[in-house]
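Our numbering runs 106 ahead of the 1-based position in the sequence shown.
The C-beta atom is built at its ideal place from N, Cα and C for all residues, glycine as well.
In what follows, a structure is listed as structure tokens, so that the remarks can point back to it.
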Amino acid sequence: MTTRRTLLHIDSSARVQGSYSRQLTQTFVQAWQSANGWQSGEDAAPIIYRDIGQTPVPAIDETWAASYETEPEARTGEMEAAIALSDELLDELFAADCYVFGVPMYNLTIPATLKAYIDQVVRRDRTLEFINGKPQGRLKGKKALVITTRKFNYREGTDAAARNFLEPYLKAIFKIMGIEDVTFVLADQLAAGDEVRDMSLDQAEAELLSLAKTW
Ligand SMILES: Cc1cc2nc3c(=O)[nH]c(=O)nc-3n(C[C@H](O)[C@H](O)[C@H](O)COP(=O)(O)O)c2cc1C
């Protein structure tokens with residue numbers, strides 16, 4: 107019997123109807139639960155769910171930034187209030203052992219809603235510490251699965267590869283937070299006609315079903 111783990115599932119597509127990334131994250135989370143025998147009852151794996159596509163977290167503002175720059179004991183009530191959601195999001199990140207993100211490509215990179223989430227959780231007093239001037243992430247030992255969807259093909263070897271700022275950005279920012287075990291599963295060419303789209307979705311689904319058994 108493997109140890110029960112807590113999974114944080116985050117969807118960031120702006121749409122619900124017809125969203126491929128939501129469909130794929132759901133498929134994976136269900137398969138992961140049943141592969142581990144954690145589907146229901148007392149043994150159900152704890153899943154924390156955030157839908158930042160439908161309920162976006164706010165962009166950080168002046169009071170948030172002032173709070174970030176102020177030691178916790180010196181923060182005003184207003185500063186505490188501005189950073190309260192960030193603390194809640196961070197508690198979820200620390201409580202979970204693994205993370206599943208549904209991430210459509212928007213304008214060559216992640217959706218603004220996911221960027222707003224990242225701005226809320228990358229914090230020098232919680233996710234990072236600076237040792238000899240270098241950031242050390244505190245989410246060490248956690249792993250992330252990013253299920254990403256897009257209309258076109260940005261794979262290595264294509265002319266478009268240099269315009270893909272999604273995977274490189276997420277890899278870099280996760281590393282800063284200490285998350286080094288990151289897997290990407292891709293469904294792309296979703297605008298290349300029904301046949302290519304279905305093949306791409308089937309392939310991503312097969313990869314996810316196989317990964318769910320070992321992840
Ligand atoms: C605002 C916006 C920007 C997009 N930009 C890109 C892009 O730069 N490259 C791309 O291949 N697809 C782009 N797309 C297409 C989406 O990545 C694609 O429709 C994907 O399936 C969306 O995920 P979803 O199905 O979960 O909603 C964009 C879609 C939207 C709505």
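In chain order, what are the residue ranges of uninterrupted beta strand (DSSP E) at least 3 long that sit wholly in the stretch 112-199?
113-117 and 153-157
Would you say residue 155 touches ligand 1, meaning its beta carbon is less than 8 Å from a heavy atom?
For the purposes of this step, residue 155 is taken as residue 49 along the sequence shown, with counting starting at 1. Residue 155 Cβ: outside cutoff for every heavy atom of ligand 1.
Residue 211 Cβ short of 8 Å to ligand 1 heavy atom set
Start at 1 with the first residue of the sequence shown, and residue 211 comes out as number 105. Indeed, a heavy atom of ligand 1 lies less than 8 Å from the Cβ.
Confirm the yes/no value for this check: CB of residue 124, any heavy atom of ligand 1, distance under 8 Å.
Mapped onto the sequence shown, residue 124 falls at position 18. Yes, ligand 1 has a heavy atom inside 8 Å of this Cβ.
Tell me the DSSP secondary structure of residue 237 in three-state form.
Here residue 237 refers to the residue found at position 131 when the sequence shown is read from its first residue. The answer is strand: DSSP assigns residue 237 an E or B state.
For residue 212, three-class secondary structure by DSSP:
In the sequence shown, residue 212 corresponds to position 106, counting from 1. Annotated three-state conformation of residue 212 is strand, per DSSP.
How is residue 224 classed by DSSP in three states: helix, strand or coil?
Within the sequence shown, residue 224 is the residue found at index 118, counting from 1. Helix at residue 224.
In three-state DSSP terms, what is residue 292?
For the purposes of this step, residue 292 is taken as residue 186 along the sequence shown, with counting starting at 1. The three-state secondary structure of residue 292, taken from DSSP, is strand.
Inter-residue spacing [alpha-carbon to alpha-carbon] between residue 299 and residue 126:
For the purposes of this step, residue 299 is taken as residue 193 along the sequence shown, with counting starting at 1. For the purposes of this step, residue 126 is taken as residue 20 along the sequence shown, with counting starting at 1. Using only the alpha carbons, I get a separation of about 15 Å.
Give the single residue among 306, 151, 168 and 117 whose Cα lies nearest to the Cα of residue 157.
Mapped onto the sequence shown, residue 157 falls at position 51. Nearest C-alpha to residue 157: 117.
Please state if the CB of residue 251 and the CB of residue 288 are separated by a distance shorter than 9 Å.
Here the question's residue 288 lines up with position 182 in the sequence shown. Here the question's residue 251 lines up with position 145 in the sequence shown. Result yes, Cβ atoms of residue 288 and residue 251 sit closer than 9 Å.
Would you call the CB atoms of residue 277 and residue 211 closer than 9 Å?
Taking the sequence shown and counting its residues from 1, the one referred to as residue 277 is at position 171. Taking the sequence shown and counting its residues from 1, the one referred to as residue 211 is at position 105. Their beta carbons are not under 9 Å apart, which means residue 277 does not touch residue 211 by this criterion.
Quick check: the stretch 213-229 against the stretch 260-272, are there 3 or more CB pairs under 8 Å?
yes
Measuring CB to CB, does residue 202 end up less than 9 Å from residue 314?
Stepping through the sequence shown from its first residue, residue 202 is reached at position 96. Stepping through the sequence shown from its first residue, residue 314 is reached at position 208. Against a cut-off of 9 Å, the Cβ pair of residue 314 and residue 202 comes out as no contact.
Any heavy atom of ligand 3 closer than 8 Å to the CB of residue 300?
Among the ligands modelled here, namely ligand 1, ligand 3 does not occur.
Enclosing alpha helix (DSSP H) for residue 277 [first to last residue]:
Sequence index remark: in the sequence shown, residue 277 carries index 171 (1-based). Here the alpha helix (DSSP H) through residue 277 covers 272-283.
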